[in-house]
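The structure under discussion appears below in the form of structure tokens.
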Amino acid sequence: MSDDLTTTYLGMELRSPIVIGACPLTIEPETARQICDAGAGAIVLPSILQEQVTYSMLKRGAPIAAIQESGYQPQQDRYNGGVDNYLPTIERMKENLPVPVIGSLNGATDGQWLAFAKEIQNAGADALEFNWQRGMYDPDESADAVENRLVAISRDLCETLSIPIAIKLNQNFTNLASMARKLQQTGVDGLVLFSHRPHWDVNVDRMHWTVRWELSPADYLGTILEGLVHARTGGLDLSIAASGGVRTGEDAIKAMIAGADVVMVTSEVYREGPDAIQNIQQGIRRYLTAHHHSSLLAFQQLRPSVELTPQRLMRLEYVDPLTAPTQSLSQSSSPASASANYYDPTTSNSTSSGDAFGHRK
Ligand SMILES: Cc1cc2nc3c(=O)[nH]c(=O)nc-3n(C[C@H](O)[C@H](O)[C@H](O)COP(=O)(O)O)c2cc1C
262 MSDDLTTTYL GMELRSPIVI GACPLTIEPE TARQICDAGA GAIVLPSILQ EQVTYSMLKR
322 GAPIAAIQES GYQPQQDRYN GGVDNYLPTI ERMKENLPVP VIGSLNGATD GQWLAFAKEI
382 QNAGADALEF NWQRGMYDPD ESADAVENRL VAISRDLCET LSIPIAIKLN QNFTNLASMA
442 RKLQQTGVDG LVLFSHRPHW DVNVDRMHWT VRWELSPADY LGTILEGLVH ARTGGLDLSI
502 AASGGVRTGE DAIKAMIAGA DVVMVTSEVY REGPDAIQNI QQGIRRYLTA HHHSSLLAFQ
562 QLRPSVELTP QRLMRLEYVD PLTAPTQSLS QSSSPASASA NYYDPTTSNS TSSGDAFGHR
622 K
């Protein structure tokens, strides 16, 4: 079996491409140790929130006003240990863990609070991940203005820090390749694609929407793969971590072919514990051996580049899957009409007493 899973991410050499994505598991010393024993290449600590940092800066003057102004709530400290504990935790982890420890900040706007990034660096973090959440859109603010805020934050961080910086993006960019290039020009070292989407629903009794935090669903990877390919279009030269829906070695391999240097895994560690890391690594090793790659790096060097294609070819990404005949239809000898060749995504009856479209008889 190919045993060498060494790779690089944000300029750091990692022993494995499996990084445990930001979440409260990584700040628990015993769990973090088990995660490392299972072979993880790096860990990302849960994010410190802009609200927490702003509150801790304002509270000495006027504590009540500080709460109102910052949006801070005490439960936020229960989530990640709080601002005061975060830095000593990084110091302890750096003493005890054999892998890079990545600090994480989550916020929406530029400002004084970003000075906390420097404290994370001073505490010994190997890198910083910035998870940008811009909140609700203001209809009077253009998409350009919103994106410029992120570019300004990234530039600010790059001017302040000497450790590598990764920006964790959401999936809502009209032109991800352009955004990725703008971020590269600010000097950041990598992107994490993508931040987690909370689950939206509507409570019909309360006549209001609800937003819940859930683990990634089983079939989530496809949307991440699409983003990876789009971000790499035109030759982006940044580290990329795939984040979302990686559960198996095969998922990890797919993400790396699509453009990732490492894969972040969170939900699967919640489901299966640290064994998930070993299972994914075994799957990667099996693939490398079966396809005769001497090492992970050798495999990664064969990744196809994503060329800019003419508009006509880009359209085929959508049009081809839509119009391709299904195997059974293409084998059918005498299509009665044009509609008989139309792609029917329903493979079998969806109910025992209904037709192929689920209509009950
Ligand atoms: C319980 C939980 C807590 C998380 N906390 C954070 C966080 O503090 N900061 C962050 O950037 N992402 C956070 N995430 C998102 C993960 O880092 C990761 O991006 C996401 O879960 C997608 O990967 P997955 O499909 O392997 O879970 C959290 C995810 C989970 C499931």
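In terms of the working numbering, the sequence shown is residues 262 to 622. Where a beta carbon is used, it is the ideal one built from N, C-alpha and C, also for glycine.
Pairing Pro324 with Tyr316, the inter-Cα distance amounts to about 8 angstroms.
Nearest Cα to Leu489 within the set Phe434, Cys419, Asp387, Leu348: Phe434. Residue pairing from DSSP places Trp393 in a beta bridge opposite Gly368.
Across the set Ala413, Asp480, Trp461, Pro478, the C-alpha of Trp461 shows the shortest separation from the C-alpha of Trp470. Just measuring C-alpha positions, the residue of Gly372, Lys355, Gly300 sitting nearest Ser331 is Gly372. The C-beta of Glu312 has 16 or more other C-beta atoms within 10 Å across all chains shown, which makes the residue buried. The closest heavy atom of ligand 1 lies 7 angstroms or more from the beta carbon of Asn431.
Taking a C-beta distance under 8 angstroms as the contact criterion, Gln382 and Ser423 qualify as a contact pair.
Of Arg276, Ala301, Asp264, the smallest CA-CA separation from Val526 is found for Ala301.
Taking a cut-off of 8 angstroms for Cβ pairs, the stretch 572-585 and the stretch 337-352 do not touch, as fewer than three such pairs fall below it.
In this structure, Ala283 places its C-beta atom within 8 angstroms of the C-beta atom of Ser365. Ligand 1 approaches Leu476 closely enough that one of its heavy atoms is under 7 angstroms from the residue's Cβ. Taking Leu358 as the centre and dropping the five residues before and after it, the same chain places the C-beta of Ala293, Arg294, Cys297, Ile304 closer than 8 angstroms to its C-beta, in chain order. With a cut-off of 7 angstroms, the C-beta of Ala516 is classified as distant from ligand 1, since no heavy atom of the ligand falls inside that distance. Counting other Cβ atoms within 10 Å of its Cβ, Met517 reaches 16 or more and is therefore classed as buried. For Pro285, the distance from the CB to the nearest heavy atom of ligand 1 is below 7 angstroms.
When secondary structure is reduced to three states using DSSP, Arg458 falls in the coil class, being assigned neither helix nor strand.
Leu499 and Gly451 do touch by the CB rule: their CB atoms are close to 5 angstroms apart, below 8 angstroms. If you check the C-beta of Gly282 against ligand 1, you find a heavy atom less than 7 angstroms away. Residues of the same chain with a CB within less than 7 angstroms of the CB of Ser277, apart from the 5 flanking positions on each side, are Leu266, Gly300, Ala301, Gly302, Gln542 in chain order. Remark: the shortest separation between the CB of Asn392 and any heavy atom of ligand 1 falls under 7 angstroms. By alpha-carbon distance to Ser566, the top candidate from Gly496, His553, Asp536 is Gly496. Annotation: Leu319 to Thr287 spans about 28 angstroms, alpha carbon to alpha carbon. No residue range can be given for Ser423, since it is assigned to no alpha helix (DSSP H) and is classified by DSSP as neither H nor E. Here Leu437 has His491, Ala492 as same chain residues with Cβ atoms under 6 angstroms from its own Cβ, once five neighbours each way along the sequence are excluded.
Secondary structure in the stretch 317-355: the alpha helix (DSSP H) runs of 4 residues or longer, each lying completely within the stretch, are 324-331, 336-341 in chain order. Val507 has its CB nearer than 7 angstroms to a heavy atom of ligand 1. Between Asp522 and Ala502, the CB-CB gap stays under 8 angstroms. Taking C-beta atoms under 8 angstroms as the contact rule, Thr509 and Gly544 qualify, at a distance of about 5 angstroms. Counting only unbroken stretches of 4 or more residues, the alpha helix (DSSP H) elements lying wholly within the stretch 485-523 are 510-519, in sequence order.
Counted as a single uninterrupted DSSP element, the alpha helix (DSSP H) harbouring Tyr531 occupies residues 528-533. In chain order, Arg546 place their CB closer than 7 angstroms to the CB of Asp264, counting only its own chain and leaving out the 5 sequence neighbours on each side.
In the three-state scheme derived from DSSP, where H, G and I count as helix and E and B as strand, Gly451 is classed as strand.
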